[in-house]
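FYI, in mature numbering (1 follows the signal peptide of the UniProt record, and there is no 0) the residues of the sequence shown are -20 to -1, 1 to 211. Quick reminder that beta carbons are idealized off the backbone N, C-alpha and C, glycines included. This report concerns only the one structure given below.
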Amino acid sequence: MRVIACTLFILGLLWDNGRAENTISSLRLAAVAWEGELPCRKWDCECAFKLQRGCCCAAPEIQEVEDQIFKRVMDLSKEVSQLSESILEVIGRIRVAFTASMSHRTNCFGPFNWNSPIPYDVITLNHGNGYNPALAPSSGLYSFSFTVYSRLGKEGERMYYKVQLKNNGEVVASTWEDNREDSEDSSFQTVLLPLQQGDQVYVELMEGRHICGIAEGLNTFSGSLIYSTLE
C-alpha cells in the first residue's frame, strides 16, 4: 500500500504542477520524507536511473508520465509553429499598395451616355498586384483615394463632372463640380473600406459629365491594405 500511495503521490505532482521547479522540489521533499528501504526485492534499482522500464517501484509509471508529457510538449510545439505560419500569412506576407493615373489627353474624357470607368493607364506603384484592376487580393481593411482635375479651354464654359468610387457596383464616395465660374478645378476623396477577397473597387465618371485638360499625374487613383482579416 505504501508503494501504491507513493506512486499516486508522485503522479499527482507530475500532472497537477504546472512548473518544472515546483515538481522537482516536491519530488525531492517526497524522497527525503520516505522511511525505510525501497521494496525493490529482486529488481535492480540502479536501472531506474537509466530510464529503463520495469526496474523498481514507480519507475514504469514515472517513465510513462514523462513520455506522455514529452509527446504533449511536441504536439504543442507543432501547434505553435502552425499558428506562427498562419499569423505570418495574415499580417506579415500580404502587402498591397497601388497608385495609377490617367495619361495625358488632348481631348476631354466624356461626356458619355452611360457611366464610364475611368482608365487609369499609367501605373506607378502596384505592390501585391492590388491594381488588377482593383480586385482585392485578400480580405482586410483598405484605404482608397482619388483625385479629379479638370481644366476648360475657355472662360465661361461649364465645369461639369461627377466622379464616384464604387465597391461591387455600390457608390461609397463621390466628388462633383458644376459651375461656369472656374476654368480650372480639382477635388479629392479618401475612404476606408472593409473588403472581402475578390471585391472590385473602381472609379467612374457619371453619364453626361466630362473631364478636360487632362495632364498626366493629376487624375489619380490609389489604394493600400491597412491590415488583413481572416476569411
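Query                                                                                                                                                                          : Result
When we look at the beta-carbon of Met82 and count the other beta-carbons within 10 Å, is it buried (16 or more) or exposed?                                                   : buried
Take Ser204 and list the residues in its own chain whose beta-carbon comes closer than 6 Å to its own, dropping the five residues that flank it on each side.                  : Ala77 and Ser123
Measuring alpha carbon to alpha carbon, tell me which residue in Ile42, Glu196 and Leu56 is nearest Thr127.                                                                    : Glu196
Within a Cβ cutoff of 7 Å, which residues of the same chain sit near residue 251, ignoring the five residues on either side of it in sequence?                                 : Nothing can be reported for residue 251, as the shown portion of the chain is limited to -20 through 211.
In the DSSP output, what is Val171 paired with across the bridge?                                                                                                              : Phe124
So is Met54 buried or exposed if we call it buried at 16+ other beta carbons inside 10 Å?                                                                                      : exposed
In chain order, what residues of the same chain lie with their CB nearer than 8 Å to the CB of Phe92, ignoring the 5 residues before and after it?                             : Leu185, Glu187 and Gly188
Using a Cβ-Cβ cutoff of less than 6 Å, which residues in the same chain neighbour Ser163 once the five nearest sequence positions on both sides are dropped?                   : Leu132 and Glu135
Under a Cβ-count criterion, where at least 16 other Cβ atoms within 10 Å of its own Cβ denotes burial, should residue 234 be classed as buried or exposed?                     : Examination of residue 234 is not possible in this model, given that the chain is present from -20 through 211 alone.
Taking the runs of the beta strand (DSSP E) that are 3 residues or longer, which of them lie wholly in the stretch 50 to 124?                                                  : 77 to 81 and 102 to 107
Along the chain, where does the beta strand (DSSP E) that runs through Ser163 open and close?                                                                                  : Segment: none, Ser163 is in no beta strand (DSSP E) and carries neither H nor E.
With 16 as the cutoff for other CB atoms within 10 Å, does Ser61 come out buried or exposed?                                                                                   : exposed
Taking all protein chains shown into account, do 16 or more other C-beta atoms lie within 10 angstroms of the C-beta of Val143, making it buried, or fewer, making it exposed? : buried
Using CA atoms only, rank isn't needed, just tell me which of Gln180, His84 and Ser208 is closest to Pro97.                                                                    : Gln180
Around the C-beta of residue 299, are 16 or more other C-beta atoms found within 10 angstroms, so that it is buried, or is it exposed?                                         : Nothing about residue 299 can be reported from this structure: the residues present for the chain run from -20 to 211 only.
With a threshold of 6 Å on Cβ separation, who are the neighbours of Phe201 within its own chain once the five nearest residues in sequence on each side are excluded?          : Ala80, Tyr100, Phe126 and Val183
Pop quiz: Gly90 and Ile194 are said to be a contact at Cβ under 8 Å. What is the actual Cβ separation, rounded to whole angstroms?                                             : So it is not a contact: roughly 11 Å between Cβ atoms.
Going by Cα to Cα distance, which pick from Glu150, Gly149, Glu157 and Lys146 is closest to Tyr140?                                                                            : Glu157
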